[in-house]
Amino acid sequence: MIKSMTGYGRAIQTFEDLEITAEIRAVNNRYLDCTVKLPRLYAYAEDRIKQCVKAQVSRGKVDVYLTINHPGGDVAVSLNRPVVEGYLTAMGAMVSEYGVRDDISVSVLSRLPDVFLVEKPDEDEEARAAALTDAVAAALEQFNAMRTAEGAALAADVLARGETILGLVEQVEARSPQTVAEYRAKLLGKMQEVLASTSIDENRILTEAAIYADKVAVDEETVRLRSHLKQLRSMLASGGPIGRKLDFLLQEMNRETNTIGSKCSDLEITEIVVEIKAELEKIREQIQNIE
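To get our numbering, take the position in the sequence shown, counting from 1, and add 105.
Here you go:
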C-alpha cells in the first residue's frame, strides 16, 4: 500500500513503575532522518528505538518523543555541588571582569546542564529498553494508519490526474496526423516555389518534403507517454515505498511532453501540452508526500 511521509502517532503504556508516553511526528524528507528525544537516564534505549522506526519507515524526517513518569517516586534528585560551584565561579568572573549584571538565580542555574544528579535504583536496562520500544511500536501503529489513509488519498489523486493526461495524449494523437499533413503541404508548396526554375525531379521534392514533415510527428513521444502512464498505474497498484521511482518517472514524462511541445508549432497541440504540463506539476506536488 502507498503511504504518505507525514503522520502522527501517540501511545501510553505502563511498565513496572513507569508510565511511558511515546509520540511520533514525521514530515517530508528525501531520506530517512530519525531523531529520538528521551530522558538521559534512558539513553541506552535510543539505538533500539531507532531500529524499531527504521523497520517500518523508509523515508521522512521522523521525530520520536518519549516522556517517562515515575508514579512511585523512586528516583532521587540531588544537587551536583562541584558543577554548581564551577558555574558560580565562572559567572562571578563574568561579573567582575566584564561588568555584566549579576542576576544569578536558582531558576537560571537549574536550567544549566548537569546541575542535578538523578539517582535511581538498579534496574533491568534490557527490560526497560524493550518496554520503551514497545511503546514506540504502539505509537507507530497509529502513525502508520494515518500515513496509509493519506497515502490512499494521494494515490487516488495521482491516478485520476494520470487518466486526465491519458485523455490529453489521445487528443494529441488525434490532431498530430493533420498537423503533419498540413506541414508537409506547406513545405512542399514552398519547395516547389523556390525550385520552380530548376530541373530537380518532382518526386525528389516530394520525398524530401515527406522526410522533413515526419520530423514534426510526435508518434514516438505519445507512445512513450502511454507507456509511462501504464507504469504509473502499475506502481500505484503495487504499493510500497515508491516515492523516488515516481519522481524519476515523472521526469521522463516531462521530457516527452517538452519534446512534443518543441516539435509542434500547432496552436491546438501547444495548448494541450500546456494542460499536460499543468497536470504533471500537480502530480509532482503530490508525490513529494509519498514515501
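Ideal placement from N, C-alpha and C gives every residue a C-beta, glycine not left out. Here the structure is a predicted model, which means the values were calculated and not measured.
Measure the C-alpha to C-alpha separation of T126 and M110 and round it to an integer number of angstroms.
By 1-based counting over the sequence shown, the position of residue 126 is 21. By 1-based counting over the sequence shown, the position of residue 110 is 5. Straight-line Cα distance between these residues: approximately 22 Å.
Here's a check: name, in chain order, each residue in its chain whose Cβ is nearer than 8 Å to the Cβ of I209, leaving out the five neighbours to either side.
In the sequence shown, counting from the first residue as 1, residue 209 sits at position 104. Correct list, in chain order: L193 and M196.
Could you check the C-alpha separation between A254 and R206 for me, to the nearest Å?
In the sequence shown, the residue the question calls residue 254 occupies position 149. In the sequence shown, the residue the question calls residue 206 occupies position 101. Near 56 Å, if we compare the C-alpha coordinates of R206 and A254.
For the beta strand (DSSP E) containing R130, list its first residue and its last residue.
Residue numbering aside, residue 130 sits at position 25 when the sequence shown is read from its first letter. Element bounds for R130: L123 to V132.
Which residues in the same chain as D76 place their Cβ atom closer than 8 Å to its Cβ, once the five residues preceding and following it in sequence are excluded?
Residue numbering for the chain in the displayed model covers 106 to 396; residue 76 lies beyond these limits and cannot be assessed.
CB contact flag (E124, R115, <8 Å):
Position 19 of the sequence shown, counted from the start, is the residue given in the question as residue 124. Position 10 of the sequence shown, counted from the start, is the residue given in the question as residue 115. Not closer than 8 Å, so no.
Could you please give the first and the last residue of the uninterrupted beta strand (DSSP E) stretch that includes N174?
Within the sequence shown, the letter at position 69 stands for residue 174. Its beta strand (DSSP E) spans residues G165 to N174.
So E224 is in the beta strand (DSSP E); what residue range does that whole segment cover?
Position 119 of the sequence shown holds residue 224. Note, E224: beta strand (DSSP E), F221 to E224.
Look at the alpha carbon of A342 and the alpha carbon of M106, and state the distance between them as a whole number of angstroms.
Here residue 342 is taken as the residue at index 237 of the sequence shown, counted from 1. Here residue 106 is taken as the residue at index 1 of the sequence shown, counted from 1. Using only the alpha carbons, I get a separation of about 8 Å.
For the candidate residues A150, K142 and N134, whose alpha-carbon lies nearest to that of V162?
Residue numbering aside, residue 162 sits at position 57 when the sequence shown is read from its first letter. Taking only the C-alpha atoms, the option nearest V162 is N134.
Do I270 and D392 have their beta-carbon atoms positioned less than 8 Å apart in this structure?
As a working note, residue 392 is residue 287 in the sequence shown. As a working note, residue 270 is residue 165 in the sequence shown. Strictly speaking, residue 392 in this sequence is Ile, with Asp absent from that position. Cβ distance not < 8 Å, so I392 and I270 don't count as in contact.
Span separating the alpha-carbon of T140 from that of E326:
Counting from 1 along the sequence shown, the entry for residue 140 is found at position 35. Counting from 1 along the sequence shown, the entry for residue 326 is found at position 221. Approximately 45 Å, taken between the alpha carbons.
Quick check on the DSSP output: the beta strand (DSSP E) that includes D138 runs from which residue to which?
Residue 138 sits at position 33 when you count from the first residue of the sequence shown. Here the beta strand (DSSP E) through D138 covers L137 to K142.
When you compare the CB positions of V223 and I388, do they come within less than 8 Å of one another, or not?
By 1-based counting over the sequence shown, the position of residue 223 is 118. By 1-based counting over the sequence shown, the position of residue 388 is 283. Cβ atoms of V223 and I388: not closer than 8 Å.
Does N174 pass the burial test, meaning 16 or more other C-beta atoms within 10 Å, or should it be called exposed?
Counting from 1 along the sequence shown, the entry for residue 174 is found at position 69. Exposed: under 16 other Cβ atoms inside 10 Å.
Cβ-based burial, E384 [other Cβ within 10 Å; buried from 16]:
Taking the sequence shown and counting its residues from 1, one reaches residue 384 at position 279. Looking at its Cβ environment, which holds 16 or more other Cβ atoms inside 10 Å, E384 is buried.
Which residue's Cα is closest to the Cα of Y147: Q156, A260, R130 and T172?
As a first step, residue 147 is located in the sequence shown; it is residue number 42 there, counting from the start. For Y147, the nearest C-alpha among the options comes from T172.
Near I347, what residues of its chain come up, given a Cβ to Cβ distance below 6 Å and the 5 sequence neighbours on each side ignored?
Stepping through the sequence shown from its first residue, residue 347 is reached at position 242. Taken in chain order, the residues that qualify are M340.
For the beta strand (DSSP E) that contains R153, what are its first and last residues?
Indexing the sequence shown from 1 puts residue 153 at position 48. Counting along the chain, R153 falls outside any beta strand (DSSP E), though it belongs to the alpha helix (DSSP H) covering E151 to K159.
State the DSSP-derived secondary structure class of L337, mapped to helix, strand or coil.
Taking the sequence shown and counting its residues from 1, one reaches residue 337 at position 232. If DSSP states are grouped into helix, strand and coil, L337 belongs with the helices.
Run the CB neighbour count on M199, radius 10 Å, all protein chains shown included, and call it buried at 16 or more, exposed below.
For the purposes of this step, residue 199 is taken as the residue at position 94 of the sequence shown. M199 should be labelled exposed.
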